[in-house]
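To start, the structure under review is shown below, and the notes come after it.
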Amino acid sequence: MRAGQPGASRPAEPPNILFILADDLGWADLGCYGSTAIRTPNLDRLAGEGLLFRHGYACTPWCSPTRIGLYTGRYPTRLPAGLEEPLTTHAEGSGIPAEHPTLSSLLLAAGYQTAMFGKWHCGWLPWYSPLRIGFQTFFGNFDGAIDYFEHVSTMGEADLYEGETPVEEAGYYTSLISERAADFVAADRDGPFYVQLNYTAPHWPWEGPGDREVGAEIRRRFSQQSVPTPLIHPDGGSLAKYAELVEELDAGVGKVLAALADAGRADNTVVVFTSDNGGERWSKNWPLVGEKGDLAEGGIRVPLILRWPAAVTGGQVTDHPINTLDLTATLVDAGGSAPDEGFPLDGVDLMPWLVDGADFPEHDLFWRTSNQGALRRGRFKYLYDRRDRSVLGNWPRREGPFHLLYDVSVDGREQADIAARHPDLLNDLRETWERTDAQLLPYPAGHPGVPQPEAKPATSEPD
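Numbering (our numbering), first residue to last: 8 to 470.
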């Protein structure tokens with residue numbers, strides 16, 4: 008299929024950009040992706056008015072590396088901070104450097120007004136912040152998680168900021184950042200804007216909008232035991248509670264979209280909605296297997312919706328595979344900017360396909376974590392797994408590494424390894440993956456995700 012109408016032209020004025028990023032949202036957690044238990048009328052409507060990707064991917068199965076990939080447009084492990092799964096080191100060298108070109112800095116230079124609301128998680132003060140990579144406005148949190156009511160981080164510390172200044176503001180976090188984003192898109196201004204709206208929903212802790220006392224209890228737990236962080240909330244949550252978090256996210260998106268429409272800006276605004284990685288614990292990834300942290304489909308295939316009424320015909324669904332890095336390259340082009348020659352983008356610009364009627368640009372999608380790798384080409388996916396795996400159920404596990412091949416167009420559960428049927432294709436995909444892997448920073452030997460060789464029992468030499 009073609010996303011754009013044949014012969015369509017790009018709007019004369021650069022579009023506004025509203026990029027909405029959910030946190031740990033599963034592939035089937037929205038009504039438009041098959042959920043029957045969670046009501047998401049606003050996101051379902053967005054999908055109906057735009058283009059829904061059934062094979063949309065996060066560029067990693069982890070939160071902070073995906074965000075680094077989104078802002079830089081490059082494989083996150085080109086930076087040391089991208090090696091952490093997720094980023095937890097508060098130190099210089101563990102973040103996006105201010106001198107690195109980003110989506111926000113490139114759009115700012117092209118005349119955009121830029122703002123981020125919500126989760127940053129790409130480095131901590133005093134070294135890193137959204138304001139140092141091209142965002143003019145920031146209201147949100149720096150850490151990888153925040154209590155929805157108490158606004159404390161995984162360390163139990165206050166983590167709500169206006170710019171780089173700590174602030175206190177009562178309210179449910181999802182609602183707070185939705186209101187800020189709605190006010191921003193509705194305000195009078197000259198020129199286009201780029202808003203990055205980063206929800207922490209539906210990430211733990213498992214607190215719906217009526218669970219203020221749960222937040223207070225979690226904060227009390229920090230005085231009893233701070234490691235592992237009480238925010239993980241291992242004794243909380245349920246399918247119904249998870250639905251509350253997603254439905255409140257949907258309501259927040261609805262407020263922002265309504266403000267955009269009331270301001271008369273919906274037509275020439277590119278709205279992107281997606282997730283930073285696959286779902287966790289309470290999410291629905293069916294029929295995919297795997298979850299957050301895994302390069303199986305459930306860890307990386309995510310909801311992905313794009314709406315741009317002025318340029319892209321609505322009501323479309325596509326099976327063409329794209330990922331986060333392609334979105335960055337596309338939005339740089341849509342905003343009238345261009346990549347920095349010293350930092351070439353790793354994604355593919357989709358604008359000719361989206362608005363000019365060109366054929367879809369077929370390209371490989373690459374992933375790498377500390378213990379896995381993957382490459383998708385067309386309908387085939389190569390999966391490199393350094394961990395041990397079971398053949399069936401509780402049969403003895405076999406040691407890796409494994410080199411597997413799946414046709415994910417029909418086998419999203421990745422159960423039929425067809426490597427033996429296509430040895431040449433497997434070798435080609437493997438060699439392509441290894442060439443890209445060699446360009447990136449190595450994971451340190453002591454990285455917690457790197458498989459460690461098991462100690463062999465000592466044996467004595469015969470006399």
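We put the beta carbon where it would ideally sit given N, CA and C, even for glycine.
- Assignment of alpha helix (DSSP H) within the stretch 193 to 231, counting only whole runs of 4 or more residues, yields 219 to 228 in chain order.
- Taking the CA atoms as reference points, residue 291 sits about 28 Å from residue 354.
- Residue 59 has 312 and 324 as its beta-bridge partners, per DSSP.
- Put simply, the backbone Cα of residue 305 is about 5 Å away from that of residue 296.
- Only residues of its own chain outside the window of five on either side were considered, and among them 392, 393, 394, 395, 396 and 458 have a CB closer than 8 Å to the CB of residue 407, listed in chain order.
- Cβ-Cβ distances below 6 Å link residue 244 to 213 and 289 in the same chain, with the five nearest sequence neighbours on each side left out; the list follows chain order.
- Taking C-beta atoms as the reference points, residue 64 and residue 308 count as a pair closer than 8 Å.
- A check of alpha carbon separations from residue 265 across 21, 347, 376 and 190 identifies 190 as the nearest.
- Judged by DSSP in its simplified three-state form, residue 72 adopts helix.
- In the three-state reduction of the DSSP assignment, residue 432 falls in the helix class, which pools H, G and I.
- By the Cβ test, the stretch 364 to 375 is in contact with the stretch 65 to 85, since at least three Cβ pairs between them sit closer than 8 Å.
- In this structure, the CA atom of residue 411 is about 16 Å from the CA atom of residue 417.
- Residue 165 is bridged by DSSP to 159.
- Classified as buried, residue 390 has 16 or more neighbouring CB atoms from the shown chains inside 10 Å of its CB.
- For residue 141, the three-state secondary structure derived from DSSP is coil.
- Judged by DSSP in its simplified three-state form, residue 234 adopts coil rather than helix or strand.
- Using a 10 angstroms sphere on the CB of residue 208, the tally of other CB atoms reaches 16 or more, which defines it as buried.
- Rounded to the nearest angstrom, the gap between the Cα atoms of residue 438 and residue 222 is 49 Å.
- Straight-line measurement puts the Cα of residue 255 at about 12 Å from the Cα of residue 29.
- Taken in chain order, the whole alpha helix (DSSP H) runs of length 4 or more contained in the stretch 243 to 323 are 246 to 269 and 304 to 307.
- With a cutoff of 8 Å on beta-carbon distance, residue 279 and residue 17 are scored as not near each other.
- The alpha-carbon separation between residue 335 and residue 83 amounts to approximately 13 Å.
- Boundaries for residue 360: no beta strand (DSSP E) harbours it, while the alpha helix (DSSP H) harbouring it runs 358 to 362, taken from the DSSP string.
- Counting along the chain, residue 345 sits inside no beta strand (DSSP E), nor does DSSP assign it H or E at all.
- For residue 322 and residue 404, the gap between their C-alpha atoms comes out near 46 Å.
- Residues 57, 58 and 279 of the same chain have their beta carbon placed closer than 6 Å to that of residue 313, with the five preceding and five following residues left out of the count.
- Annotation: the continuous alpha helix (DSSP H) that includes residue 116 extends over 110 to 116.
- In this model, residue 150 and residue 253 are separated by some 20 Å (Cα to Cα).
- Only residues of its own chain outside the window of five on either side were considered, and among them 185 and 189 have a CB closer than 6 Å to the CB of residue 262, listed in chain order.
- Contact between residue 126 and residue 147 holds, since their C-beta atoms are separated by about 6 Å, short of 8 Å.
- Residue pairing by DSSP puts residue 382 in a beta bridge opposite 373 and 389.
- About 13 Å separates the CB atoms of residue 328 and residue 34; that is not less than 8 Å, and the two are not in contact.
- Counting the other Cβ atoms within 10 Å of the Cβ of residue 172 gives fewer than 16, which makes it exposed.
- Ranked by Cα distance from residue 348, the options 24, 109 and 22 are led by 109.
- Short of 7 Å from the beta carbon of residue 440, and not among the five residues preceding or following it, lie these beta carbons of its own chain, in chain order: 373, 380, 382, 389 and 391.
- With respect to the 8 Å criterion, residue 286 and residue 32 are classified as neighbours on the basis of their beta carbons.
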